[in-house]
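Enquirer:
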Amino acid sequence: MDRPALVQLKDVTKIYRMGDVELVALRGVSLEIAQGEFTAIMGASGSGKSTLMNLLGCLDRPTAGSYLLEGQDISVLSNDQLASLRNQTLGFVFQSFNLLSRTSALENVELPLLYSGVPAAERHQRARESLVRVGLGDRLHHHPNQMSGGQQQRVAIARALVNRPRVILADEPTGNLDSRTSVDVMALFQALGRTGITVLLVTHEPDIAAYATRVVTMRDGLIRSDQRQAQKAAVPLPDGTEAHP
Amino acid sequence: MSWLMTLRVALRALARNKMRSFLTGLGVVIGVAAVIAMVAIGDGAKARVEATFAAMGSNMLIVMNGSSAGGGAMGGFGSQPTLTWDDLKAIQTELSAVREAAPLLRSSAQLLSDDANWGSSVQGTTPGFLRVRSWDVVQGASFTQSDVDGGAKVALLGQTVVGKLYGANANPVGQIMRIKNVPFTVAGVLARKGQSPFGQDYDDVVLIPVTTFQQKIAGGLKSYITGVIMVSAISADATQRAQAQIRELLRDRHRLSDDADDDFNIRNLSEIASARQEGTRTLTTLLAAIAAVSLLVGGIGIMNIMLVSVTERTREIGVRMAVGARARDIQLQFLVEALTLSVAGGLVGVGLGLGIAWRLAAAFGWSVLVRPDIILLAVGFSGLVGVAFGFYPALKASRLDPITALRFE
Ligand SMILES: Nc1ncnc2c1ncn2[C@@H]1O[C@H](COP(=O)(O)OP(=O)(O)O)[C@@H](O)[C@H]1O
Ligand SMILES: [Mg+2]
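One line per chain: the protein sequences are Z and S, in this order.
Just so we're aligned, residue 1 is where the first sequence starts under the numbering used here, counting upward by one.
Just so we're aligned, residue 1 is where the second sequence starts under the numbering used here, counting upward by one.
1. Give the interface partners of D184 of chain Z over in chain S, defined as CB-CB distance under 8 angstroms, in chain order.
2. I403 of chain S versus chain Z: which residues are under 7 angstroms apart at the beta carbon?
3. Per DSSP, which residues does P402 of chain S bridge with? Please list them.
4. Where does the unbroken beta strand (DSSP E) through Y115 of chain Z begin, and where does it stop?
5. Grab the span of the beta strand (DSSP E) containing I15 of chain Z for me, first residue to last.
6. Can you give me the C-alpha to C-alpha distance between V76 of chain Z and I302 of chain S, rounded to a whole angstrom?
7. Taking CB distances under 8 angstroms as the criterion, tell me whether P165 of chain Z reaches chain S.
8. Check the C-beta distance from L111 of chain Z over to R126 of chain Z and give it rounded, since I have them as a contact under 8 angstroms.
9. Compare the C-alpha of D147 of chain S against each of S:L377, S:K222 and S:T126 and name the closest.
10. Residue ranges of each beta strand (DSSP E) run of no fewer than 3 residues wholly in the stretch 162-237 of chain S, ordered along the chain?
11. Can you say whether M19 of chain S is buried or exposed, counting buried as having 16 or more other CB atoms within 10 angstroms of its CB?
12. Can you tell me where the beta strand (DSSP E) holding N163 of chain Z begins and where it ends?
13. Considering only their Cβ atoms, is the gap separating G158 of chain S from D203 of chain S smaller than 8 angstroms?
14. Answer yes or no: the CB of A209 of chain Z versus the heavy atoms of ligand 1, is any distance below 7 angstroms?
15. Just jot down, in chain order, the residues whose CB lies closer than 6 angstroms to any heavy atom of ligand 1.
16. Can we say the stretch 96-107 of chain Z touches the stretch 67-84 of chain Z, given the rule of at least three CB pairs closer than 8 angstroms?
17. In chain S, which residues lie less than 8 angstroms from L100 of chain Z when you measure between Cβ atoms?
18. Distance check for I375 of chain S and M74 of chain S, CA to CA, integer angstroms please.
19. Determine the chain S residues that contact F92 of chain Z at a beta-carbon separation under 8 angstroms, and present them in chain order.
20. Check whether the Cβ of M5 of chain S lies closer than 8 angstroms to any Cβ atom in chain Z.
21. Among the residues of its own chain, which have a CB less than 7 angstroms from the CB of R159 of chain Z, if the five just before and after it don't count?
22. Should D220 of chain Z be listed as close to ligand 2, given that the test is whether its C-beta is under 7 angstroms from any heavy atom?
23. Below 8 angstroms between beta carbons: does that hold for G353 of chain S and V32 of chain S?
24. Using alpha carbons as the reference points, say which of Z:A191, Z:E129, Z:S47 and Z:Q88 lies closest to V202 of chain Z.
25. Checking the sheet assignment: what are the DSSP bridge partners for M218 of chain Z?
26. Counting Cβ pairs closer than 8 angstroms, one from the stretch 131-140 of chain S and one from the stretch 182-190 of chain S, do we hit at least three?
27. Taking only beta-carbon atoms, is A83 of chain Z less than 8 angstroms away from chain S?
28. Run through DSSP, which three-state label would Y211 of chain Z get?
29. So for F129 of chain S, helix, strand or coil by DSSP?
30. Against chain S, does R194 of chain Z count as a neighbour if the rule is that its beta carbon must be under 8 angstroms from one of theirs?
31. For the putative contact between T280 of chain S and A405 of chain S, defined by C-beta atoms under 8 angstroms, what is the C-beta separation to the nearest angstrom?
32. Since R102 of chain Z sits in a beta bridge, which residues does DSSP pair it with?
33. Is Q72 of chain Z helix, strand or coil by DSSP?
34. DSSP three-state label for M1 of chain Z, please.
35. Quick check: is the beta carbon of A327 of chain S nearer than 8 angstroms to any beta carbon in chain Z?
36. Cβ atoms of V155 of chain Z and L99 of chain Z: under 8 angstroms apart, would you say?
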């Protein structure tokens with residue numbers, strides 16, 4: 001490749017300190033991810049997947065090793081600069097959705113734009129477009145407790161998308177969803193991948209990993225295998241459990 | 001994030017917990033209402049004291065016969081006449097700090113109208129007396145200097161005397177009445193003045209020319225004033241100066257040696273008045289301080305709830321940080337929430353405090369004194385309370401680590 005990879009991890013370690021107990025969660029991970037790749041990270045519980053995702057998402061800093069995002073060394077950035085990266089370049093999707101309760105879908109999706117100073121009219125417009133893109137154009141003013149799990153996760157994806165990030169990071173996004181809804185969500189991620197967005201998702205289900213173009217497997221804080229594969233197309237079933245596709 | 005957006009986010013967060021926000025704000029409401037009401041009570045009391053002393057006469061001094069330092073053996077003030085009519089004239093004409101001086105000779109006497117009688121205080125004086133005491137004539141007119149010069153038998157009646165002799169709303173001007181059996185024409189009626197600060201009825205009085213008083217009521221002409229000299233200074237600030245000037249003048253005129261005691265006594269009423277006002281000011285300060293403490297307690301309530309709120313909303317903070325909120329955005333959000341609570345509470349408290357002040361004023365018969373400076377101070381102080389007590393919770397929120405916050409259960 002001529003261009004540097006979008007994500008470059010080199011010998012990254014992460015040690016959690018709890019009092020005088022040290023827990024090594026990552027023991028030297030090196031990973032390069034190119035623009036537009038759809039990578040699934042697999043591994044047993046406790047193997048360090050979430051820790052890796054949090055580092056990639058600039059929510060946390062490595063204990064040692066280097067992390068270049070778009071060629072930029074993360075370790076020299078201030079907390080505010082990391083916040084700005086999370087706001088502009090990265091989009092997060094969590095297993096537990098992490099939507100603000102008692103707040104409408106539209107307002108939840110507007111949240112990242114609030115912190116990048118987008119004026120109100122444009123904010124509403126972009127949040128609406130983002131929700132339409134995930135198929136929730138008719139649920140703009142619903143609150144999280146008025147929506148199904150699949151719908152809530154799509155609101156979260158709309159929120160991750162709204163600031164036009166280059167990378168979407170999803171930590172077990174289908175972990176709380178039934179298999180049919182999971183396929184809908186994976187179809188959405190594949191659609192994003194086709195527009196050039198880099199998708200990284202954590203899962204422990206091989207069925208879900210099959211939708212990716214690359215599968216990275218972790219064990220005990222280390223990468224054990226890294227394979228490229230032909231992507232299986234996620235086709236939402238016509239009689240989906242969701243009322244609106 | 002813009003200020004307006006921050007405010008909207010804060011309002012939405014507060015609206016999500018309406019009951020809690022209301023109760024938290026209530027602490028400040030009560031504090032501010034207490035400050036406003038207490039200051040109004042204090043000011044009302046002060047205004048009342050000022051009003052009663054104003055009725056006694058503006059910037060007034062009383063010059064009396066007798067020694068001030070003699071004690072009981074001298075037989076009390078005024079027992080030995082030392083003030084002369086020439087002293088009066090000198091005080092009136094020679095002193096820069098004196099606006100007006102008038103003699104006042106008193107006697108109690110029986111009054112007779114055609115069909116009633118009443119015992120009252122008859123006072124001989126000059127027209128200047130009305131100016132010294134800021135007394136007005138509401139019916140008829142005051143007697144004049146020529147009435148004094150000619151010893152005219154004319155009288156000014158106080159409202160109580162009019163009521164006893166002629167009935168409450170009668171107009172006695174031009175009627176003939178008798179004082180110690182001497183016929184007098186009623187020249188006018190004095191405005192109602194109410195009671196003195198010491199409970200004396202200012203309206204139970206008859207004023208007649210001082211010359212007439214000496215001829216008909218209390219013996220023949222004398223060169224000494226067997227009463228007092230009432231003096232008004234040119235301004236409230238000048239009373240001290242007037243007192244000093246009068247003392248110097250009288251000591252000089254009475255040829256007192258340097259080591260001799262004064263053979264007269266000067267009472268400064270505005271000194272008594274300001275002592276009383278000092279008392280009410282202390283009261284106001286004390287009440288305001290107590291109220292301010294309750295405002296502080298309200299602030300602690302805000303801090304407590306904000307700390308609870310930060311803990312409860314740790315995950316929300318984590319989410320906001322994950323989507324790009326900087327530490328200062330989070331800090332500002334919680335600070336503005338605290339500030340909104342306290343300022344809103346402050347504004348409601350101002351309304352409540354004014355309401356209470358009005359009710360109290362109505363109950364005690366005071367006039368309501370709305371002091372804009374106190375309102376501004378109370379609202380400003382409640383804002384300060386919000387910032388001061390919101391600062392620590394806001395800082396705590398902003399210092400959260402995104403990952404820790406997101407993992408918080
Ligand atoms: N904040 C933390 N403090 C201490 N230990 C942690 C923390 N987060 C994760 N760990 C530990 O690090 C290891 C890897 O955790 P994690 O990355 O969450 O694994 P996975 O997501 O693959 O299940 C685990 O042993 C976990 O207990
Ligand atoms: Mg995990």
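For each residue, glycine too, the CB sits at the ideal point set by N, CA and C.
Expert: Reading it off the structure:
1. Near D184 of chain Z there are no residues of chain S at all, since even the closest Cβ is about 23 angstroms away, more than 8 angstroms.
2. N54, L59 and D60
3. In the DSSP output, where bridge partners are listed per residue, P402 of chain S has none listed.
4. Segment: none, Y115 of chain Z is in no beta strand (DSSP E) and carries neither H nor E.
5. V7 to M18
6. 38 angstroms
7. no
8. Incorrect: roughly 12 angstroms between the Cβ atoms, too far for contact.
9. S:T126
10. 176-179, 182-190, 205-209 and 228-233
11. exposed
12. Per DSSP, N163 of chain Z belongs to no beta strand (DSSP E) and is neither H nor E.
13. Taking 8 angstroms as the cut-off, the Cβ atoms of D203 of chain S and G158 of chain S count as close.
14. No, the beta carbon of A209 of chain Z sits no closer than 7 angstroms to any heavy atom of ligand 1.
15. Per the CB criterion, closer than 6 angstroms to any heavy atom of ligand 1, the qualifying residues run in chain order as Z:Y16, Z:M18, Z:L23, Z:A25, Z:G43, Z:S45, Z:G46, Z:S47, Z:G48, Z:K49, Z:S50 and Z:T51.
16. no
17. Within chain S, the residues near L100 of chain Z are E316 and V319.
18. Bear in mind that the predicted position of M74 of chain S carries a pLDDT of just 46, short of 50, making it unreliable; the figure below should be weighed with that in mind. The straight-line gap from Cα to Cα measures roughly 55 angstroms.
19. The answer, in chain order, is A322 and V323.
20. yes
21. Sequence-distant Cβ neighbours of R159 of chain Z in its own chain, meaning closer than 7 angstroms and more than five residues away, are N108, V109, L111 and P112.
22. Not under cutoff, so the answer is no.
23. By the CB criterion at 8 angstroms, G353 of chain S and V32 of chain S fall inside the cutoff.
24. Z:S47
25. M218 of chain Z is bridged to Z:G43 and Z:I223.
26. yes
27. So yes, A83 of chain Z belongs to the interface.
28. coil
29. helix
30. no
31. That pair is no contact at about 55 angstroms.
32. DSSP lists no partner for R102 of chain Z.
33. strand
34. Because M1 of chain Z carries a pLDDT of 47, less than 50, the predicted location of this residue cannot be relied on, and no value is offered for it.
35. yes
36. yes
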